[in-house]
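Worksheet for the structure shown next.
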Amino acid sequence: MRFYIIQPQYDEDLQTANFLPDRFNAADAPRLYRPGKDAAGNRVAVDPVTGQTLAAVYIGRIVPNSGKLLNGVVQAGAGIEKGLYKNRGIHIAPRFGFAYDVSGKQNIVIRGGVGMFYDRPQGNVVFDLVRNPPTTLEPTFNFGRLQDIGTGPLLLAPPSLVAYDRQGNSPTTYAFNIGVQYKLWLESVLDVSYVGTVGSHLLQRRNLNAPAYGAAYLAQIRTPRWLRAQCPGQLRCRWISCVRFRVSGTSRTSSRLQAPTITRCKPR
Amino acid sequence: MNRRFQKGLLLGVNYTWSKALGTQGQDLPGINSFGAPRIDGNQRSANYGPQDFDRRHNFNVSWVYELPRATTNKLFGYALNEWQLSGIYRYQTGAPYNIGFTVPGISAYTLTGTQTIEGGRIAVVGDPGKGTSSDPYRQFNATAFTTPKPGSLGLETGRNFLYRSPINSWDLSLAKRFAITEKAKLEIRLDAFNALNHTQFDSINSTLIVRSLTDPTPTNLPFDASGNLVNRNGFGTISAVRPPRNMQLSAHIQF
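Here the protein sequences come in this chain order: R and V.
Quick note: the first sequence uses the working numbering, first residue 410, plus one each step.
Quick note: the second sequence uses the working numbering, first residue 4, plus one each step.
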């Protein structure tokens, strides 16, 4: 029996942030400038509530003060663990192995074993969380010079978030094997073994905000051709453009039959 | 079988049958790559299959053989004694692979009507074969595939359903030792990797290109309707081979 403590990795300066789907409230989502036309027929960005218009380059940007920018986003240590996912405590890893001399004369021996093994998640699942808001925001300054920064609109686009499953399950491998060693002539041994592994809670990456299959074919979300250029696919026109959500939920199996392995064990 | 070095011969023989299945073959795969986790309930039916590292058959033989002492004459023995032959034979099933496609101006995501997740997959309309053959221009039946249709759910084919050519290689070495002093020896060694210079097929042109979305006529088939080879880099042809024979000559002083 072995015991693991896999402590969550965390940023000492608490600059990382995670996105928790259960804390996201659609009603608090900021508005986005939508594509529209002004009185002269020019393509412009339109605030869907106030009707304010801006240059078309701002289509898809966030309307200032229109919602909660950190909707569903929590910073490390602010009401959540420093590591942004749960500490699973002590992991119990039982292992068992045996060898049995069937005949008592060491002619046939059965050997086998089974065990659990845990992996520490790779560091990238935490490293990437430092580029989430509020630590990192990437406003784009259009139509200006360096000395003009701060004088014109400096609007945020929907951030592309990287999140990690707060449950924090550790990637787990179950390994097992069973084999028979049979003594042959000329001091040789035939070894036939079955060796297998099964993995669970393996890391995977999933886009939480991806539109469903076939979404682009739905008439209600299609963008008219004359508006399409600045808002590709309309799909980015959500508050969050993409959430790369890392969960530990996949499985993998591997099995091998190793046969025949004949070992000549006569001493020199 | 493992024979310890005895009477001038060391020998090892082993065979492993293996099968590796799963829904993903790497740690933290990308969200846009082939086999990326899906956003619907079809993750298992779409992606459960042979892993990228699945190698079904593995057979290896390795040996070291010291030629018998040819003469007791010291002068002739300097040339005729202490020769050694060694080698490794390796047979391993090739890696599994997928078939891709290109429709000019249309992305795989456009066909599924979604974005930033995997798109449509190649559709099978005939028997594609196993994915490998001895003909470098017909690794599979290139006419057995067509592109997915708009509205695809990306379920036309599974993951890794074809296999590349196996590795079938001999590495051989010839070595001669010369006594310098009672304890020190000079070894001159010639190693040949892929000693028989056996062509080892590796990568395959596995992307089908069609004329357009409405006309899925393939444009990169290797053979025309009459069976003439017209495109050596066409769909289903070998695009790369493993290294040819490599030889190295080395000298070692043992003391």
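Heads up, the beta-carbon is just placed ideally off N, CA and C, and yes, glycines get one too.
- Note: H255 of chain V is bridge-paired with V:E190 in the DSSP secondary-structure output.
- With a threshold of 16 other beta carbon atoms within 10 Å, P99 of chain V meets it and is buried.
- In the three-state reduction of the DSSP assignment, K592 of chain R falls in the strand class.
- If you draw a straight line from the Cα of A73 of chain V to the Cα of Q203 of chain V, it comes to about 38 angstroms.
- Proximity of Y591 of chain R to chain V, defined by a Cβ-Cβ separation below 8 angstroms, is not satisfied.
- The beta carbon of D55 of chain V does not come within 8 angstroms of any beta carbon belonging to chain R, so the residue lies off that interface.
- Boundaries for R162 of chain V: no beta strand (DSSP E) harbours it, and the DSSP string shows neither H nor E there.
- With contacts defined as CB atoms closer than 8 angstroms, I109 of chain V and A619 of chain R fail to qualify as a contacting pair.
- If only uninterrupted alpha helix (DSSP H) runs of at least 4 residues are considered, those enclosed by the segment 53-96 of chain V are 77-83.
- Taking a beta-carbon distance threshold of 8 angstroms, A426 of chain R does not count as an interface residue toward chain V.
- In the DSSP assignment, S569 of chain R falls within the unbroken beta strand (DSSP E) covering 569-573.
- Residues of chain R whose Cβ lies closer than 9 angstroms to the Cβ of G116 of chain V are, in chain order, P620, A621, Y622, G623, A624, A625, Y626, L627.
- In the DSSP assignment, no residue is bridged to M410 of chain R.
- Beta-bridge partners of H610 of chain R (DSSP): none assigned.
- Any Cβ of chain R closer than 8 angstroms to the Cβ of Q95 of chain V would place that residue at the interface, and such an atom is absent.
- Interface flag for L12 of chain V against chain R is unset, since no Cβ pair is found closer than 8 angstroms.
- Excluding five sequence positions before and after G157 of chain V, the CB atoms of its chain that fall closer than 7 angstroms to its own CB belong to A49, T115, E121, G122, G123, R124, given in chain order.
- Taking every protein chain shown into account, the CB of I183 of chain V has fewer than 16 other CB atoms within 10 angstroms, so this residue is exposed.
- Here the alpha carbons of I468 of chain R and T425 of chain R stand approximately 29 angstroms from one another.
- Between the segment 562-575 of chain R and the segment 496-503 of chain R there are fewer than three C-beta pairs closer than 8 angstroms, too few to call the two in contact.
- Minimum Cα-Cα distance from V67 of chain V among the listed residues V:G80, V:L216, V:W86, V:T146 corresponds to V:W86.
- In this structure, R235 of chain V lies away from P221 of chain V, with their beta-carbon atoms at least 8 angstroms apart.
- For I120 of chain V, the nearest beta carbon of chain R is closer than 8 angstroms to its own beta carbon.
- Minimum Cα-Cα distance from A584 of chain R among the listed residues R:F526, R:G445, R:A624 corresponds to R:F526.
- Contacts with chain V (Cβ-Cβ distance below 7 angstroms) from the segment 484-506 of chain R involve no residue at all.
- Counting every other CB atom within 10 Å of its CB across the protein chains shown gives I207 of chain V a total of 16 or more, marking it as buried.
- The straight-line gap separating the alpha-carbon atoms of P542 of chain R and D130 of chain V is approximately 52 angstroms.
- At a cut-off of 8 angstroms between beta carbons, R615 of chain R contacts chain V.
- Each residue's CA atom was taken as its position, placing A449 of chain R and F552 of chain R some 21 angstroms apart.
- DSSP places V534 of chain R within a helical segment (H, G or I) once states are collapsed to three.
- At a C-beta separation below 9 angstroms, N533 of chain R has these neighbours in chain V: L31.
- By the CB criterion at 8 angstroms, A126 of chain V and T146 of chain V fall outside the cutoff.
- Taking 8 angstroms as the cut-off, the beta carbon of R248 of chain V is found no closer than this to the beta carbon of F181 of chain V.
- In the structure shown, the three-state DSSP call for P430 of chain R is helix.
- DSSP places R520 of chain R in the uninterrupted beta strand (DSSP E) bounded by 517-527.
- Boundaries of the beta strand (DSSP E) harbouring L463 of chain R: 462-464, taken from the DSSP string.
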